[in-house]
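Colleague: Next up is a structure, given as C-alpha cells.
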C-alpha cells in the first residue's frame, strides 16, 4: 500500500508542476496577478508531495518490503539500517527521486526566501524551475519508477553494491545533488531575466547567494566522493579523472567562474551577457553530468542500468533545455546593455581572466570526457583519455589563475595601478619565492614541480594575509576604529572570500606534497614479516577470520613500530560480501595532520602469505581540508548581513566586497 | 591610449591567450590518447611501437602465474582467437578472475609480452568492462566471416 501512495504522490507532484509552470509563466508574461499568486503555494505543495513520496520509498526500504522491485534489487534483510536508508537513493530510480526532491526543495526555498524579488519575476523563476521539474518528474514516472512492484515478492533482496555500503556514501549523493540541482536556481534566474529583459545589478544580487550555496554543496559533494574513493576503493587514489568524476567537476569549474562573474555584474554592472551565458552553461553541464552518469553511457559503479530508453530521454531533455535557452539567449542578449567600463589593470580584468581560465579548463575536461564517447557512439573505435592528458592540461591552465588569485582581490575596481599593486604585494612575492625554493628540502628531495606547487600555495596564502592587513589598517587609520572593532566590522562575505581562497592554498599543498613525496610499496608478507616505509616499520602479527552482518572475511593485525617501539596497531580487512559474492578491500588508514599511513590487503597467496600494499601519504588530508575550507567560505559569504535585507538598496559596502 | 584602444587591446590579448591555450590543449590531447586493440589485432602487429595502448578480453583459464616476489604476475588475455601474454607488477583488482573480463593498459616489450601498468576489472558482478566486451564481439565477427 505504501509504495502506491508514494507513487500517487509523485504523480500528483507532476500535475502540480504542470499547473505551476502554466500559471506562473503565462501569468507573469501577461501580468495576471491572480495567476502569479499560484506559483508560491504551488512550490510548497510540490515540495510536500515529493517529500511524502520520498518518505514512502524510505519506509519500504527500512521495513524490507521485498515486493518492491527497487528494494529487492538494492537492499537485503541483513543490511544494517543506515545503509538501508542510503539504499533508497543508492539505485538509479531512487537517486532520481532524490533529484526531484532536491529540485522541489530548492523551489520551496526560492519561494520562501525571495521576499525582495518582485512578484512577476518570482513567478517567472518558479515557472522555469517547474518546467525543469516537469522534465524530471516525467522521466522518473515514465522510465524509472522507484515504486514498481515485484510479483511474486522476493524472499530476500539482492543487497546494495558493497562499494556503496559506507558512511561517506550515505551523504555523498545528497550533497552532490544539492549542488547539481542548486544550479537550476541561478539558471531559472537567468532565463527569467532574459524573458523579462530585466538584467540588472539587483538581478545579480538576488542570484549570488543561490549560486554560492549551490557551489558550496557541490564542493562538499565532490570532496566526499573523492574521500570515499580514497579509502573505500582500497588503492589510495583520490582522483582518477574518471568520466563520472569529470561530470561533477565541469559544473564545479563553470559554477566557480559564474560566482566570480556575478560579483562583477552586481558591483559594476559589467559582464551581464557573459554571466547569463555562464548560468546557462553551468546548469547544462549539471544536466550533462546527470545524462552521463544515469544513462549507462559510462560503465562504472554509478551506471546502474544500461537502458537506452532512459539515455534517449535525458539526452532529448538536455538538447531541449540547452537549445531553448541558447535560442532565448541569442534572441534577447543583444538587448542587454554594456556595463561599466574598466581599465586593463583592474579587478574586472583579473576576474575576466579568471573566468576565461576556468572555462577553458572546463572545456578541456569536456573534450577529454566526451571525445571517447563520440568516437565510440559513431563506431570509430575505442580510445581512452587518461590522467596524463588532464594533468598536462590542468596545471598550466590553473597556474595563472592561482597567480591572479593573489592579485585580484587586492586590486581596485575600474582602474588599478601596477606600482601600487607591486608595492602592496612585493613582500608576499619575495617570501613565497624564497620559501617555496627552501621548503622542499625539509621534506627530503627538491623537485621543480613541488617547488612550483608550494609557490602557488604560499603566494595565495600570503596575498590573502596582505589583503586582510591592508584593509584593517585602512579602517583603523581612516575611520579611527580600534583593531578588533575593524576585524568585527568587516563583512562575512569578505571573510568568506579569504577562507575559500585559503582553502585553495591548503588544497594545493595537499596535492603537491602527496604527488611529490608519496611512498608506495607492494610486498609479500607472511606472519612476523616486516616492511619499512619512511620512519615506520610495519609487522604482520596475526590474521583472523572475520564475521560481519552481511559479509565474511579476513582481518590482518599490523603493529606499527617507530625505532623498534610499537606506537599503533592497524587492522586492514579483506571482505567477501555474501549476497553478491563480491570481494572488497577495506584499507586501514592512520590519519594524521602531516601524513596518512595506509595499509590494504591485496591477495592471499598459496603459501598462506598475503600481498600487502602500504602507502605513506604526506599531507593527503589537506586535499579534503582545503575543499572543506572552500565550502565553508561559500557558506560564510552567504551568511552576509546584506543578503538578509536584500530588498534594500546597496548599503555602502562597495569596496569591501568579496570575490568568493 | 584611448579607452577604446585599451579595450580592443584587452580583447586581442584575451583572444590570443585563448588561441594559445586551445592549441596547447589539443596538442596535449593528441599525444595522450590511448587506443584500444583486441588480442587478434595485437597478434597481427597492428599496435603502435613504444606507445601505451589498451587491450581487453577474457583472462585465459589457468594462465595466472605468480613470480617468487609474490607481486609480479603473468596471465594471458584472450579474445577466443588469440592470446596475449601480460605481465603486471602490483595488486590485481578485487574482481580480477580467470575466465572473466579484463582490460589492461601498458606497452609491448621486445619479447612480445604486454607489460601492463594498469589492470582494470569490472565494478560489480553484472557488468563486463566495455573494452573486454568489444574484443569478444570483434573476434566473434571475424569467426563468423571466416566460416
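Residue numbers (this note's numbering), protein chains in the order written: chain A, 52 to 711; chain B, 2 to 148.
Just so you know, even glycine gets a beta-carbon here, dropped at the ideal spot from N, CA and C.
Please read all numbers here as calculations on a predicted model, not as lab measurements.
1. Considering just the uninterrupted stretch of the alpha helix (DSSP H) at residue 166 (chain A), what are its terminal residues?
2. Is residue 428 (chain A) near the ligand ZN, with its Cβ less than 6 Å from a heavy atom?
3. Quick check: the region 236-249 of chain A against the region 378-387 of chain A, are at least 3 beta-carbon pairs closer than 8 Å?
4. Which of the three DSSP states is assigned to residue 293 (chain A) in this structure?
5. Would you mind working out which of B:106, B:147, B:4 and B:110 sits nearest residue 132 (chain B), comparing C-alpha positions?
6. Indicate whether at least one CB of chain A lies closer than 7 Å to the CB of residue 44 (chain B).
7. DSSP three-state call for residue 204 (chain A): helix, strand or coil?
8. With DSSP collapsed to three states, give me the class of residue 584 (chain A).
9. Which of the three DSSP states is assigned to residue 490 (chain A) in this structure?
10. Looking at the strands, I want to know which residues DSSP matches up with residue 567 (chain A).
11. If you compare alpha carbons, which of A:124, A:536, A:140 and A:237 is closest to residue 256 (chain A)?
12. Just the Cα atoms here: how many angstroms apart are residue 189 (chain A) and residue 232 (chain A)?
13. So residue 185 (chain A) packs on residue 69 (chain A), CB below 8 Å; how close in whole Å?
14. If you compare alpha carbons, which of A:274, A:172 and A:123 is closest to residue 201 (chain A)?
15. According to DSSP, simplified to helix, strand and coil, what is residue 609 (chain A)?
16. Starting from residue 56 (chain B), follow its DSSP beta bridges and name the residues at the other end.
17. Just to make sure I have the definition right: I need the residues of chain B whose C-beta is within less than 7 Å of the C-beta of residue 647 (chain A). Which are they?
18. For the beta strand (DSSP E) containing residue 84 (chain B), name the first residue and the last one.
19. Once DSSP output is grouped into helix, strand and coil, what is the label at residue 209 (chain A)?
20. Nearest by alpha-carbon distance to residue 57 (chain A): which of A:224, A:472, A:488 and A:112 is it?
21. Do residue 174 (chain A) and residue 258 (chain A) count as a contact pair if the criterion is CB distance below 7 Å?
22. Does residue 589 (chain A) have its Cβ less than 7 Å from a Cβ in chain B?
23. Find the residues of chain B that neighbour residue 447 (chain A), judging by a C-beta separation of less than 8 Å, and give them in chain order.
24. Quick check on the burial criterion: 16 or more other C-beta atoms within 10 angstroms. Buried or exposed for residue 132 (chain A)?
25. Can residue 268 (chain A) and residue 230 (chain A) be called in contact, C-beta distance under 7 Å?
26. Along chain A, in chain order, which residues have C-beta atoms closer than 8 Å to that of residue 10 (chain B)?
27. Residues of chain B with CB closer than 9 Å to the CB of residue 210 (chain A), please, in chain order.
28. Candidates A:464, A:371, A:415 and A:593: which alpha carbon is nearest residue 437 (chain A)'s?
29. Cβ of residue 197 (chain A) less than 7 Å from any chain B Cβ?
30. Can you tell me where the beta strand (DSSP E) holding residue 637 (chain A) begins and where it ends?
31. Would residue 584 (chain A) and residue 665 (chain A) qualify as a contact pair, given that the criterion is a beta-carbon distance under 7 Å?
32. Using the beta-carbon count (16 or more within 10 Å), is residue 485 (chain A) buried or exposed?
33. Can you tell which of A:120, A:659, A:633 and A:307 has its C-alpha closest to the C-alpha of residue 593 (chain A)?
34. Going by beta carbon distance, what residues of the same chain come within less than 8 Å of residue 7 (chain B), once the five residues before and after it are set aside?
35. Is the region 673-691 of chain A in contact with the region 260-278 of chain A, if contact means three or more CB pairs nearer than 8 Å?
36. On the CB-based measure, 16 or more other CB atoms within 10 Å of its CB, does residue 399 (chain A) come out buried or exposed?
Modeller: This is what the structure gives:
1. Here residue 166 (chain A) belongs to no alpha helix (DSSP H), and DSSP marks it neither H nor E.
2. The ligand content of the structure shown is nil, which means the ligand ZN is not present either.
3. Proximity of the region 378-387 of chain A to the region 236-249 of chain A meets the contact definition, three or more beta-carbon pairs being nearer than 8 Å.
4. Three-state result, residue 293 (chain A): coil.
5. Nearest to residue 132 (chain B) by C-alpha distance, out of B:106, B:147, B:4 and B:110, is B:106.
6. So no, residue 44 (chain B) is outside the interface.
7. Looking at residue 204 (chain A) - three-state DSSP - the assignment turns out to be coil, as it is neither helix nor strand.
8. In the displayed model, residue 584 (chain A) falls within a strand according to three-state DSSP.
9. Look at residue 490 (chain A) here: in three-state DSSP terms it is helix.
10. For residue 567 (chain A), DSSP records no beta bridge to any residue.
11. The shortest Cα separation from residue 256 (chain A) among A:124, A:536, A:140 and A:237 belongs to A:237.
12. C-alpha separation (whole angstroms): 16 Å.
13. Going by Cβ atoms, the distance from residue 185 (chain A) to residue 69 (chain A) rounds to 6 Å, so yes, they are a contact pair.
14. Of A:274, A:172 and A:123, the smallest CA-CA separation from residue 201 (chain A) is found for A:123.
15. Strand.
16. Paired residue(s): B:38 and B:105.
17. Those do not exist, as residue 647 (chain A) stays about 18 Å from chain B at its closest Cβ, beyond 7 Å.
18. Looking at the DSSP string, the run of the beta strand (DSSP E) that includes residue 84 (chain B) is 84-90.
19. Correct three-state label for residue 209 (chain A): coil.
20. Checked all of A:224, A:472, A:488 and A:112; the closest Cα to residue 57 (chain A) is A:112.
21. No. Outside cutoff.
22. It does not; no Cβ of chain B falls within 7 Å.
23. Under the 8 Å cutoff, chain B gives 25.
24. Exposed is the call here.
25. For residue 268 (chain A) and residue 230 (chain A), yes; Cβs fall inside 7 Å.
26. Those are 395, listed as they occur along chain A.
27. Close partners of residue 210 (chain A) in chain B (Cβ separation under 9 Å) are lacking, with about 11 Å as the shortest Cβ gap.
28. Ranking the options by Cα distance to residue 437 (chain A), first place goes to A:415.
29. Residue 197 (chain A) is outside the set of residues whose beta carbon lies under 7 Å from a beta carbon in chain B.
30. For residue 637 (chain A), the uninterrupted beta strand (DSSP E) segment begins and ends at 633-637.
31. A contact, by the Cβ cut-off of 7 Å.
32. By the neighbour-count rule (16 or more Cβ atoms within 10 Å), residue 485 (chain A) is not buried but exposed.
33. For the residues A:120, A:659, A:633 and A:307, the minimum Cα distance to residue 593 (chain A) belongs to A:659.
34. Nothing listed; no residue qualifies.
35. A contact between stretches requires three or more CB pairs, one per stretch, nearer than 8 Å, and the region 673-691 of chain A meets this requirement with the region 260-278 of chain A.
36. By the Cβ neighbour-count rule, residue 399 (chain A) is buried, with 16 or more other Cβ atoms within 10 Å of its own.
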